[in-house]
Amino acid sequence: MGGRDTDVVLLDENGVRCDGRRIDQTRRVEIRAGVLRNAHGSAYIEFGDNKILAGVFGPRDVHPKHMSDTDTGILRCRYHMSPFSVTERKNPAPSRREIEISKVIKEALEPSLMLEKFPRTVVDVFMEVLQADGGSRCAALSAASVALADAGIPMRDMVCACAAGKVADTIVLDVNNEEDQAGQADMPVGYMPNMDRITLIQLDGVLTPDEYKRCVRTAVDGCRQVYEVQKKALADRFFGGGGKEGSGDGA
Numbered sequence: 011m012g013g014r015d016t017d018v019v020l021l022d023e024n025g026v027r028c029d030g031r032r033i034d035q036t037r038r039v040e041i042r043a044g045v046l047r048n049a050h051g052s053a054y055i056e057f058g059d060n061k062i063l064a065g066v067f068g069p070r071d072v073h074p075k076h077m078s079d080t081d082t083g084i085l086r087c088r089y090h091m092s093p094f095s096v097t098e099r100k101n102p103a104p105s106r107r108e109i110e111i112s113k114v115i116k117e118a119l120e121p122s123l124m125l126e127k128f129p130r131t132v133v134d135v136f137m138e139v140l141q142a143d144g145g146s147r148c149a150a151l152s153a154a155s156v157a158l159a160d161a162g163i164p165m166r167d168m169v170c171a172c173a174a175g176k177v178a179d180t181i182v183l184d185v186n187n188e189e190d191q192a193g194q195a196d197m198p199v200g201y202m203p204n205m206d207r208i209t210l211i212q213l214d215g216v217l218t219p220d221e222y223k224r225c226v227r228t229a230v231d232g233c234r235q236v237y238e239v240q241k242k243a244l245a246d247r248f249f250g251g252g253g254k255e256g257s258g259d260g261a
């Protein structure tokens with residue numbers, strides 16, 4: 011109904027999506043901070059059926075030295091999907107998609123970080139997708155931002171991320187894998203709430219100008235929900251007994 015795959019009923023006549031959610035409801039979101047002992051900062055996120063680990067190392071010396079910047083620190087990001095993260099075994103070598111997502115996440119995180127305080131150094135962020143379920147770049151970006159905060163990297167704000175999209179001619183929040191594959195459009199958005207600044211916006215599909223604006227507003231609303239889970243994860247980590255789960259159901 012309204013998608014590219016007519017065998018999948020993405021939205022029924024009551025406005026209920028294929029996974030039982032309302033059009034304005036996110037999937038379940040849980041985040042834990044400080045889950046890796048050997049990283050300077052870390053986080054684990056479950057966003058729907060996405061399961062992703064993020065680890066941060068640095069600031070530390072840059073190798074090779076010629077890559078360092080005398081005026082600021084640099085950020086390096088690696089997004090990687092484990093071979094068992096999808097239904098058919100994935101080649102462990104980095105794909106073009108993983109390289110592209112690594113670059114996108116790096117550029118989305120950079121405005122939030124005060125790397126100018128650490129010239130000639132590098133901060134490395136590693137994101138490992140253990141299980142993928144649509145929207146993994148948004149989940150990885152949200153986990154990476156929590157891991158950076160856990161590492162004590164000076165930040166202007168955390169970056170929270172959520173996608174919106176067009177399914178069965180309707181703008182919906184937090185596109186899942188089936189909706190991503192068979193829907194009409196998908197828009198991942200990264201957002202810094204305290205600065206009211208979008209740091210990531212992409213669009214796969216076609217939207218009218220009005221649908222585009224509604225899609226951005228819907229995604230930002232979802233980002234704000236994720237932001238509350240991020241803050242709770244850090245509060246639990248440092249003030250509530252160390253690493254209890256933050257959770258949100260988008261209701």
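For the sequence shown, the working numbering begins at 11 and goes up steadily by one.
Every residue, glycine too, gets a C-beta built ideally from N, C-alpha and C.
Here the structure is a predicted model, which is why all the values come from computation and not from measurement.
Are the beta-carbon atoms of CYS233 and PRO198 separated by less than 7 Å?
Within the sequence shown, numbered from 1, the residue matching residue 233 stands at position 223. Within the sequence shown, numbered from 1, the residue matching residue 198 stands at position 188. Going by C-beta atoms, CYS233 is not nearer than 7 Å to PRO198.
Using CA atoms only, rank isn't needed, just tell me which of PRO164, ARG32, ALA103, GLU98 is closest to SER89.
Residue numbering aside, residue 89 sits at position 79 when the sequence shown is read from its first letter. Reading off the sequence, residue 89 comes out as Tyr, not Ser. Nearest of PRO164, ARG32, ALA103, GLU98 to TYR89, Cα basis: ALA103.
Got a sec, what are the start and stop residues for the alpha helix (DSSP H) ASN60 sits in?
Sequence index remark: in the sequence shown, residue 60 carries index 50 (1-based). Segment 60–71 is the beta strand (DSSP E) holding ASN60; no alpha helix (DSSP H) there.
Rounded to whole angstroms, what's the CA-CA distance from GLU126 to GLY51? Just pull it up for me.
Taking the first residue of the sequence shown as position 1, residue 126 is located at position 116. Taking the first residue of the sequence shown as position 1, residue 51 is located at position 41. Their Cα atoms are separated by approximately 19 Å.
Residues in its own chain within less than 8 Å of ALA157 by CB, not counting five upstream and five downstream?
Stepping through the sequence shown from its first residue, residue 157 is reached at position 147. The residues are ALA43, ALA49, GLY51, SER52, ALA53, ALA64, GLY65, VAL66, VAL135.
Give the DSSP-derived three-state secondary structure of PHE248 in the structure shown.
For the purposes of this step, residue 248 is taken as the residue at position 238 of the sequence shown. Looking at PHE248 - three-state DSSP - the assignment turns out to be helix.
With DSSP run on the structure shown, which of helix, strand or coil describes ALA149?
On the sequence shown, position 139 is the one that residue 149 refers to. It is helical.
Straight-line CA distance for ASP34 to VAL182?
Taking the first residue of the sequence shown as position 1, residue 34 is located at position 24. Taking the first residue of the sequence shown as position 1, residue 182 is located at position 172. About 6 Å.
In chain order, what residues of the same chain have a beta carbon less than 8 Å from the beta carbon of VAL132, not counting five sequence neighbours either side?
Numbered from 1 along the sequence shown, position 122 holds the residue referred to as residue 132. Around VAL132: GLY68, PRO69, ARG70, ASP71, VAL72, MET77, SER78, GLY83, ILE84, LEU85, ARG86.
Flag this pair as yes or no: are the beta carbons of MET168 and ALA174 separated by less than 7 Å?
Translated into positions along the sequence shown, residue 168 becomes position 158. Translated into positions along the sequence shown, residue 174 becomes position 164. Their beta carbons are not under 7 Å apart, which means MET168 does not touch ALA174 by this criterion.
With LYS113 as the anchor, note down where its alpha helix (DSSP H) starts and where it stops.
Stepping through the sequence shown from its first residue, residue 113 is reached at position 103. Element bounds for LYS113: 106–119.
Given that a residue counts as buried once 16 or more other Cβ atoms are within 10 Å of its Cβ, and exposed if not, what is GLY13?
As a working note, residue 13 is residue 3 in the sequence shown. In this prediction, GLY13 scores a pLDDT of 43, lower than 50, which makes its location untrustworthy; the coordinate-derived value is nonetheless stated afterwards. GLY13 comes out buried.
With DSSP collapsed to three states, give me the class of THR180.
Taking the sequence shown and counting its residues from 1, the one referred to as residue 180 is at position 170. Residue state, collapsed to three classes: strand.
Rounded to the nearest angstrom, how far is the Cβ of SER105 from that of VAL139, given a contact under 8 Å?
Indexing the sequence shown from 1 puts residue 105 at position 95. Indexing the sequence shown from 1 puts residue 139 at position 129. No, SER105 and VAL139 are not in contact; Cβ-Cβ is about 12 Å, not under 8 Å.
Excluding the 5 residues preceding and the 5 following PRO129 in the sequence, name in chain order all residues of the same chain whose CB lies nearer than 7 Å to its CB.
In the sequence shown, counting from the first residue as 1, residue 129 sits at position 119. Answer for PRO129: ASP79, THR80, ASP81, THR82, GLY83, listed in chain order.
With a threshold of 16 other CB atoms inside 10 Å of the CB of ASN60, please say whether the residue is buried or exposed.
Here residue 60 is taken as the residue at index 50 of the sequence shown, counted from 1. It is buried - the Cβ of ASN60 has at least 16 other Cβ atoms within 10 Å.
With a floor of 4 residues, list each alpha helix (DSSP H) that falls wholly inside the region 199–246, ordered by position along the chain.
List check, alpha helix (DSSP H) in window: nothing returned.
With 16 other CB atoms within 10 Å as the buried threshold, where does ARG37 fall?
Position 27 of the sequence shown, counted from the start, is the residue given in the question as residue 37. Answer is buried; the Cβ neighbour count reaches 16.
ALA150 and ILE62 look like a contact to me (Cβ under 8 Å); what is the Cβ gap, rounded to whole Å?
In the sequence shown, counting from the first residue as 1, residue 150 sits at position 140. In the sequence shown, counting from the first residue as 1, residue 62 sits at position 52. Right, the Cβ-Cβ distance comes to about 5 Å (below 8 Å), so this counts as a contact.
Name the DSSP bridge partner or partners of VAL132?
Counting from 1 along the sequence shown, the entry for residue 132 is found at position 122. Answer by DSSP bridge pairing, in chain order: ARG70, ILE84.
Tell me, to the nearest whole angstrom, how far the beta carbon of ALA118 is from that of LEU210; I am working on the premise that it is less than 8 Å.
Within the sequence shown, numbered from 1, the residue matching residue 118 stands at position 108. Within the sequence shown, numbered from 1, the residue matching residue 210 stands at position 200. At roughly 4 Å, the Cβ-Cβ gap stays under 8 Å, so ALA118 and LEU210 are in contact.
Provide the residue span of the beta strand (DSSP E) that contains GLU40, from first to last.
Taking the first residue of the sequence shown as 1, we reach residue 40 at position 30. Where GLU40 is concerned, the enclosing beta strand (DSSP E) stretches over 39–43.
With DSSP run on the structure shown, which of helix, strand or coil describes MET140?
Walking along the sequence shown from the start, residue 140 turns up at place 130. Here the sequence assigns Leu to residue 140, which means Met is not the residue at that position. DSSP places LEU140 in strand when its eight states are reduced to three.
Drop a sphere of 10 angstroms on the beta-carbon of ASP15, count the other beta-carbons inside from all chains shown, and report buried for 16 or more, exposed for fewer.
Here residue 15 refers to the residue found at position 5 when the sequence shown is read from its first residue. Residue confidence for ASP15 is low, a pLDDT of 43 falling below 50, so the modelled location carries little weight; the figure read from the coordinates is stated next. The residue is exposed, with fewer than 16 neighbouring Cβ atoms inside 10 Å.
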